[in-house]
Amino acid sequence: IFPERINNIYFTYLFLLRALNVAKESLLNYDYGTGVGGEEEQEVRSLLDKLYTNHLVCSSPFDESSMFIGEDKGALKHTLRTKFRNISSIMDCVSCETCKVHAKLQILGIGTALRLLLDDEYDNNDNSPTTHDLQRNEVVAVVNSLLKFAESIQIYQKMIE
Numbered sequence: 046i047f048p049e050r051i052n053n054i055y056f057t058y059l060f061l062l063r064a065l066n067v068a069k070e071s072l073l074n075y076d077y078g079t080g081v082g083g084e085e086e087q088e089v090r091s092l093l094d095k096l097y098t099n100h101l102v103c104s105s106p107f108d109e110s111s112m113f114i115g116e117d118k119g120a121l122k123h124t125l126r127t128k129f130r131n132i133s134s135i136m137d138c139v140s141c142e143t144c145k146v147h148a149k150l151q152i153l154g155i156g157t158a159l160r161l162l163l164d165d166e167y168d169n170n171d172n173s174p175t176t177h178d179l180q181r182n183e184v185v186a187v188v189n190s191l192l193k194f195a196e197s198i199q200i201y202q203k204m205i206e
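Position 160 of the sequence shown, counted from 1, bears residue number 205 in the working numbering, the numbering being contiguous throughout.
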């Protein structure tokens, strides 16, 4: 069963977990005004509280500062950003609108996680991004991407049992 693909799924899942951990204060203080009223907003807050009480999110799966070490750090980040933009533009050619939306949402989620973990403007040990650094669609995308990768891991676990 393609072990390198399974490793990529696990790595991306850990990457997304770490991004949510870094953005914890920002996400807990975010204005999730749904426009509908207090009940839905309370439900969103309750779900986020449950997410952050999960020990996987609270732990630190890896140290992202070791990912891009050396003189070529800026070039590597630039290359990565360029590739993500290219993937997103390629998805514009997908004819199935549902497939396109889901794929773009996943790419936005992973891209947001990359921004949270790799941008130099954030000191991931002390300061998380402020709430106005994250747009609503980015918050939705990173949480949704984590869900999709968690579901993929569950499916894989069932397959190997």
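Glycine residues also receive a C-beta, built at the ideal position from the N, C-alpha and C atoms.
From a predicted model like this one, the values you see are computed outputs, not experimental measurements.
Inset, instruction - Use the C-beta contact count for residue 155: other C-beta atoms within 10 angstroms, 16 or more gives buried, fewer gives exposed. - result: Classification for residue 155: buried.
Inset, instruction - Mind checking which residues open and close the alpha helix (DSSP H) that includes residue 99? - result: Residue 99 -> no alpha helix (DSSP H), and no H or E assigned at all.
Legend entry - Cα-Cα separation, residue 181 to residue 89: Here the alpha carbon of residue 181 sits roughly 13 Å from the alpha carbon of residue 89.
Legend entry - Member of 119, 118, 147, 152 whose CA lies at the smallest distance from the CA of residue 131: Checking every option, the nearest Cα to that of residue 131 belongs to 152.
Legend entry - Rounded C-alpha distance that separates residue 176 from residue 79: Confidence at residue 176 is low in this model, with a pLDDT of 48, below 50, so its placement is unreliable and the value that follows should be read with caution. Residue 176 and residue 79: Cα-Cα distance of roughly 16 Å.
Legend entry - The alpha helix (DSSP H) enclosing residue 60, as first and last residue numbers: For residue 60, the enclosing alpha helix (DSSP H) stretches over residues 48 to 67.
Inset, instruction - Determine the contact status of residue 65 and residue 187, defining contact as a CB-CB distance below 8 Å. - result: For residue 65 and residue 187, yes; Cβs fall inside 8 Å.
Legend entry - Length of the line joining the Cα atoms of residue 91 and residue 117: C-alpha of residue 91 to C-alpha of residue 117: approximately 42 Å in a straight line.
Inset, instruction - Note down the Cα distance separating residue 96 from residue 63, rounded to an integer number of angstroms. - result: Cα to Cα, residue 96 sits roughly 13 Å from residue 63.
Inset, instruction - Express the C-alpha separation of residue 190 and residue 140 in angstroms, rounding to a whole number. - result: Rounded to whole angstroms, residue 140 to residue 190 spans 22 Å at the Cα level.
Legend entry - DSSP three-state assignment for residue 202, whether helix, strand or coil: The DSSP-derived three-state label of residue 202 is helix.
Legend entry - Closest Cα partner of residue 162 within the set 68, 48, 51: Restricting attention to 68, 48, 51, the CA atom closest to the CA of residue 162 is found in 68.
Inset, instruction - Could you spell out where the alpha helix (DSSP H) holding residue 131 opens and where it closes? - result: Segment 118 to 136, the alpha helix (DSSP H) holding residue 131.
Legend entry - CB of residue 93 within 8 Å of CB of residue 72, strictly: Using a Cβ distance threshold of 8 Å, residue 93 and residue 72 count as a contacting pair.
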